[in-house]
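*Asks:* Have a look at the structure that comes next, please.
2 protein chains.
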Amino acid sequence: MYRKEIKVLDCTVRDGGLMNNWQFSDEFVKAVYDACVASGVDYMEVGYKSSEKAFDRKEVGAMKFCDDKDLRRIFGDNNTNLKLSAMADIGRIEPDDIAPKSESLLDMIRVACYVHQVDKAVWLAEHCMDKGYEVTINLMAVSTVMERDLNEALEDVNKSKVPIFYLVDSFGSMYCEQIELLVNKYRERLPGKTLGVHMHNNMQLAFSNTITGIINNCNMLDATLLGIGRGAGNCPLEILMAFLKNPKYKLRPIFDVIQKQLIPLQKEIDWGYHIPYLITGALNQHPRSAMKWMDSDNKNDFVSFFEQFLDHEDL
Amino acid sequence: MYRKEIKVLDCTVRDGGLMNNWQFSDEFVKAVYDACVASGVDYMEVGYKSSEKAFDRKEVGAMKFCDDKDLRRIFGDNNTNLKLSAMADIGRIEPDDIAPKSESLLDMIRVACYVHQVDKAVWLAEHCMDKGYEVTINLMAVSTVMERDLNEALEDVNKSKVPIFYLVDSFGSMYCEQIELLVNKYRERLPGKTLGVHMHNNMQLAFSNTITGIINNCNMLDATLLGIGRGAGNCPLEILMAFLKNPKYKLRPIFDVIQKQLIPLQKEIDWGYHIPYLITGALNQHPRSAMKWMDSDNKNDFVSFFEQFLDHEDL
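Those protein sequences? They're chains A and B, same order as listed. Just so you know, we're using our numbering here: the first sequence kicks off at 1 and counts up by one. Just so you know, we're using our numbering here: the second sequence kicks off at 1001 and counts up by one.
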C-alpha cells in the first residue's frame, strides 16, 4: 500500500504516557525520537501541551507540559525531517500557554475535543494556526455521538480554516463498516480537508481499522511502538510500517527501539489486549473502568467485571 | 452482526496443541468443551485424526490421535448440541484409521491440504462422507499459491461432493482486500458450497479478516480461546462471540474458562503477537523460523531475526 500523501504520526510517548503519567526517562523519549528519525516517520507526538495550573509536576512527567526547555534538552534543535507535535485538550490549556511557533520546537498542535467542545476546538486550533503551527482537530468518542450532533460539529469544522480532521475510535469499539461510513461522511462534509485516523485495540482492530482508513483515503495515520497506549493500546507502528510500501520508511530502527526500550518497559506497564478492555470496547464504554480493574488484585476475574455491565438473567 | 447460517468452530485444542504437542490435561480439554457447550459454540475441533504410525505417543498427547476411547473418557457420549470435529492432514492418516461414524464420537472430519494435495484431499473427504461424517476441505498456505494452480484446485473441489471449503491464512500474511478477492473467487468457482475462514494473527488481523469473511458471506468461522494457536495464534473466540449478535451465543462461559484455564496456561506457552511472527507474516513466510527464534535465548533480538530475511543494504 503506497500513496505519497500518507503521513505516519508516532504517538508512543503522548498516548503511552496515559499509562504512566508520562514518567518516561529522557533516554526513552530520545530513543523513540531517534527511531522515528531513522525510520522516516513523519511526525512524533511527544506529549501534551498543558497548563502548569492544570497538573502537578510531582505527579506527571515533563511530556505532560511540553515546555520548550524540556523539549530542547532532549531533542536539541531538531534539525531533522521529523516534525514534532503536541496534543492540547480543551479545558486543560490557556491560549497564552502556547508560544509563537518561532519560539517553539513544536511544529504541530493537535486539538482533542468532545463533540460539545468543537466550537472551542476550532477557536483554539485557529489561534494556534495564527501563531504559526500546523494544526488538527481530533474529535474523540465519536462512537457515542448522535448523528444530528455530529453533522453540526462537522459543519463547524468545515467552516473553519483547520486543514486536518481526525476520526478517533476512543473506546476501541468500532469495526470496518462503521469506520467506512464515518470516513465517507467526514469526506463528504469536509471537502478539501485531510483526514486522519487514530484507532484503539480493544477488539484487536486498531491496525485493521487504520487500513480501512487508508483504503478510504485517510492520509494521517497514528500509531505507537508495540501498540503502547491507554488500556488496550493503539495501532502498532511496526505493523503499519511493514504494511506501507513507501520506500522512505525503514523497519530496522523500529525493531531496534522496540527490543531495547519497549520490551523492558512491558515489565513495568501492562498495556495491550486484555479481556476487560475487550468488554468495554464491545460495549462502547470508556475504558476507565477496565483500567481500574486491571490495576486491582482481581484483574483476571473477567466474569465479575463482565457482570457489572449486564442484566444477570441472560449472560 | 447476525446471520442464522453462521456457525462458530472452536479449535483451541487442535490449533493450540501445535504449541505444546497436545500435552493438555483431560481437565483442560473438558473445561474447553464445557465452555463451548454452555456458550452455544457450534463445533469444537478437539484435535487431529492421525495414524499411530505417524507420531509417537511419548511425544504427543492424546488429542493428536483422537482415538474414540480417549474422546469418550473426556466427553462421555457428548449428549449436547456441540458437534465434535477432528482435522486430518493429508499424508499423516490412513483411510482405515477412520472408523465409521456410527462407532465414533466425532461428527466432522476437516481435511487440511496444500494445493498439490487437493486431489488426495477430495478423495479422503469423500471417503469420510461415505463413512457418515460431515466434512470440509481446508486449503492451507493459499497466500503462496499461483493463480493458475488455485483455479485448477477449485475446479477439482467444485466437481466433488465436499460441501464446505475453507479460506486459510496459514502465514497470517493477508489483509482485507486479499481476503475479499479470494472469498469472491471461491464463491464464484464453488457455487452452492459453504465457505469458511481460518485466520492467523501475525499482523493482528485474524479477527478483522474473519469479519471480512462474514461480510462476504462466509458462514463457518474458526476461532480459539484468547487466540491460542501456532505462533501468533488465531482469531480470538471471545472477540468473535462478542461481535456476533446471535442470541444463541453466551459470553460468560467463555470469560470463565479463559480466566480459569487459559490465563494460567499463558505462563507455560507463549503464543500470540510477537515481532518475529509479524516479520514472517509480513514477508509471507511459514512461521516455523519465528517459532524457533521465539524458543531461543535471543528471542527478543528482533533486529537479528529480521536481518536474516533481507538484503542488508536497505533496511
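Idealized CB from N, CA, C, for every residue including glycine.
1) Got a sec: which bits of the stretch 1291–1306 of chain B sit with their beta carbon under 7 Å from any beta carbon on chain A, in order along the chain?
2) In chain A, which residues lie with their C-beta within 9 Å of the C-beta of B/S1326?
3) Compare the Cα-Cα distances from A/R14 to each of A/M291, A/V145, A/A112 and A/K120 and report the closest residue.
4) Is the beta carbon of B/G1233 sitting closer than 9 Å to the one on B/A1290?
5) Answer with buried or exposed for A/G91, where buried requires no fewer than 16 other C-beta atoms within 10 angstroms of its C-beta.
6) Counting only Cβ pairs nearer than 7 Å, list the residues of chain B close to A/L278.
7) Starting from the beta carbon of B/C1176, find every residue of chain A whose beta carbon is closer than 9 Å, and list them in chain order.
8) Please identify the residue among B/E1177, B/I1164, B/H1116 and B/T1144 whose C-alpha is closest to the C-alpha of B/G1192.
9) Taking Cβ-Cβ distances shorter than 8 Å, what residues in chain B pair up with A/M203?
10) Considering A/H127, what are the terminal residues of the alpha helix (DSSP H) in which it resides?
11) On the DSSP letters alone, give me the boundaries of the alpha helix (DSSP H) that B/A1282 sits inside.
12) Give me the chain B residues within the contact set of A/A282, using Cβ-Cβ distance strictly less than 8 Å, ordered along the chain.
13) Run through chain A and tell me which residues come within less than 8 Å of B/F1309, C-beta to C-beta.
14) Can a CB atom of chain A be found closer than 9 Å to the CB of B/L1315?
15) So for B/L1237, helix, strand or coil by DSSP?
16) Measuring alpha carbon to alpha carbon, tell me which residue in A/M63, A/V8, A/V37 and A/L18 is nearest A/D26.
17) Counting only C-beta atoms, is B/Q1261 closer than 9 Å to chain A at any point?
18) Give, in chain order, every unbroken run of the beta strand (DSSP E) that is at least 3 residues long and sits entirely within the stretch 29–84 of chain A.
19) Can you name the residues of chain A whose CB is closer than 7 Å to the CB of B/F1255?
20) My understanding is that A/I269 touches A/M19, with C-beta atoms under 8 Å, so please give their C-beta distance in whole angstroms.
21) Leaving out five residues on either side along the sequence, give the residues of the same chain with a beta carbon under 7 Å from the beta carbon of A/E5.
22) Straight-line CA distance for A/G331 to A/N246?
23) A/L182 touches chain D at which residues, Cβ-Cβ below 8 Å?
24) Give me the chain B residues within the contact set of A/R72, using Cβ-Cβ distance strictly less than 7 Å, ordered along the chain.
25) Between the Cα of B/L1226 and those of B/D1297, B/W1271 and B/K1185, spot the shortest distance and give me the residue it belongs to.
26) Which class does B/L1244 belong to by DSSP, given the choice of helix, strand or coil?
27) Can you name the residues of chain B whose CB is closer than 8 Å to the CB of A/I258?
28) For the alpha helix (DSSP H) containing B/I1006, list its first residue and its last residue.
29) Taking the beta strand (DSSP E) that A/Y166 falls in, what are its first and last residues?
30) Report buried or exposed for B/N1138, applying the criterion of at least 16 other Cβ atoms within 10 angstroms of its Cβ.
31) Any chance you could list the beta strand (DSSP E) runs of at least 3 consecutive residues sitting entirely within the stretch 129–161 of chain A, in chain order?
32) Can you say whether B/R1110 is buried or exposed, counting buried as having 16 or more other CB atoms within 10 angstroms of its CB?
33) Am I right that A/G172 and A/H198 are in contact with their C-beta atoms under 8 Å? What's the rounded C-beta distance?
34) When the Cα atoms are used, what is the spatial distance from B/L1205 to B/A1031?
35) Going by the CB atoms, is the gap between A/I228 and A/S39 shorter than 9 Å?
*Replies:* If we stick to the structure as given:
1) N1300, D1301, F1302, V1303 and F1306
2) Beyond the ends of chain B as shown, which are 1001 and 1315, falls residue 1326 of chain B; an answer cannot be given.
3) Here residue 14 of chain A is taken as the residue at index 14 of the first sequence, counted from 1. Minimum Cα distance to A/R14 is reached at A/A112.
4) Stepping through the second sequence from its first residue, residue 1233 of chain B is reached at position 233. Stepping through the second sequence from its first residue, residue 1290 of chain B is reached at position 290. Against a cut-off of 9 Å, the Cβ pair of B/A1290 and B/G1233 comes out as no contact.
5) The sequence position of residue 91 of chain A within the first sequence is 91, counting from 1. Answer is exposed; the Cβ neighbour count stays below 16.
6) Here residue 278 of chain A refers to the residue found at position 278 of the first sequence. The answer, in chain order, is E1238, I1239 and A1242.
7) As a first step, residue 1176 of chain B must be located in the second sequence, where it is residue number 176. Within chain A, the residues near B/C1176 are C176, S208, I211, T212 and I215.
8) Mapped onto the second sequence, residue 1192 of chain B falls at position 192. Nearest of B/E1177, B/I1164, B/H1116 and B/T1144 to B/G1192, Cα basis: B/I1164.
9) What you label residue 203 of chain A is simply residue 203 of the first sequence in a count that begins at 1. Result: F1207, I1239, A1242 and F1243.
10) Stepping through the first sequence from its first residue, residue 127 of chain A is reached at position 127. A/H127 -> alpha helix (DSSP H) spans V118 to D130.
11) Residue mapping note: residue 1282 of chain B aligns to position 282 of the second sequence, counting from 1. Membership of B/A1282 in the alpha helix (DSSP H) is indicated by the continuous run I1275 to A1282.
12) Stepping through the first sequence from its first residue, residue 282 of chain A is reached at position 282. Those within 8 Å of A/A282 in chain B are I1239, A1242 and F1243.
13) Position 309 of the second sequence holds residue 1309 of chain B. Chain A residues near B/F1309: none, gap ~10 Å exceeds 8 Å.
14) Numbered from its first residue, the second sequence carries residue 1315 of chain B at position 315. Residue placement at B/L1315 is poorly supported in this model, since its pLDDT is 49, which falls under 50; the coordinates are not used for a value here.
15) Residue 1237 of chain B sits at position 237 when you count from the first residue of the second sequence. Reduced to three states, the DSSP call for B/L1237 is helix.
16) Indexing the first sequence from 1 puts residue 26 of chain A at position 26. Among A/M63, A/V8, A/V37 and A/L18, the Cα nearest to that of A/D26 belongs to A/M63.
17) By one-based count along the second sequence, residue 1261 of chain B stands at place 261. Judged by the 9 Å Cβ criterion, B/Q1261 is not in contact with chain A.
18) DSSP runs (the beta strand (DSSP E)) wholly in the stretch 29–84 of chain A: 43–48.
19) For the purposes of this step, residue 1255 of chain B is identified with residue 255 of the second sequence, where counting begins at 1. Ordered by position in chain A, the residues that pass the 7 Å Cβ test against B/F1255 are I275, F302, V303 and F306.
20) Along the first sequence, read from residue 1 onward, the residue named residue 269 of chain A stands at position 269. Along the first sequence, read from residue 1 onward, the residue named residue 19 of chain A stands at position 19. At roughly 5 Å, the Cβ-Cβ gap stays under 8 Å, so A/I269 and A/M19 are in contact.
21) Counting from one through the first sequence, the residue named residue 5 of chain A turns up at place 5. Counting only Cβ-Cβ distances below 7 Å, and skipping sequence neighbours, we find N219.
22) In the structure as shown, chain A starts at 1 and stops at 315, and residue 331 of chain A therefore has no counterpart that could be examined.
23) No chain D appears in the structure shown, which is made up of the protein chains A and B.
24) Counted from its first residue, the first sequence places residue 72 of chain A at position 72. Going along chain B, no residue has its Cβ under 7 Å from A/R72, so there is no contact; the nearest lies around 30 Å.
25) Here residue 1226 of chain B refers to the residue found at position 226 of the second sequence. Selected option, being the one with the closest Cα: B/W1271.
26) Mapped onto the second sequence, residue 1244 of chain B falls at position 244. Looking at B/L1244 - three-state DSSP - the assignment turns out to be coil, as it is neither helix nor strand.
27) As a working note, residue 258 of chain A is residue 258 in the first sequence. Simply I1275 and F1302.
28) Here residue 1006 of chain B corresponds to residue number 6 of the second sequence, with the count starting at 1. Where B/I1006 is concerned, there is no enclosing alpha helix (DSSP H), given that its DSSP letter is neither H nor E.
29) Counted from its first residue, the first sequence places residue 166 of chain A at position 166. Looking at the DSSP string, the run of the beta strand (DSSP E) that includes A/Y166 is I164 to V168.
30) On the second sequence, residue 1138 of chain B is found 138 positions in, with the first residue counted as 1. Burial call: buried.
31) 134–139
32) Here residue 1110 of chain B is taken as the residue at index 110 of the second sequence, counted from 1. Flag for B/R1110 reads buried.
33) For the purposes of this step, residue 172 of chain A is taken as residue 172 along the first sequence, with counting starting at 1. For the purposes of this step, residue 198 of chain A is taken as residue 198 along the first sequence, with counting starting at 1. With a Cβ gap of about 11 Å, A/G172 and A/H198 do not count as contacting.
34) Mapped onto the second sequence, residue 1205 of chain B falls at position 205. Mapped onto the second sequence, residue 1031 of chain B falls at position 31. Going by the C-alpha atoms only, they are around 27 Å apart.
35) Mapped onto the first sequence, residue 39 of chain A falls at position 39. Mapped onto the first sequence, residue 228 of chain A falls at position 228. No. Outside cutoff.
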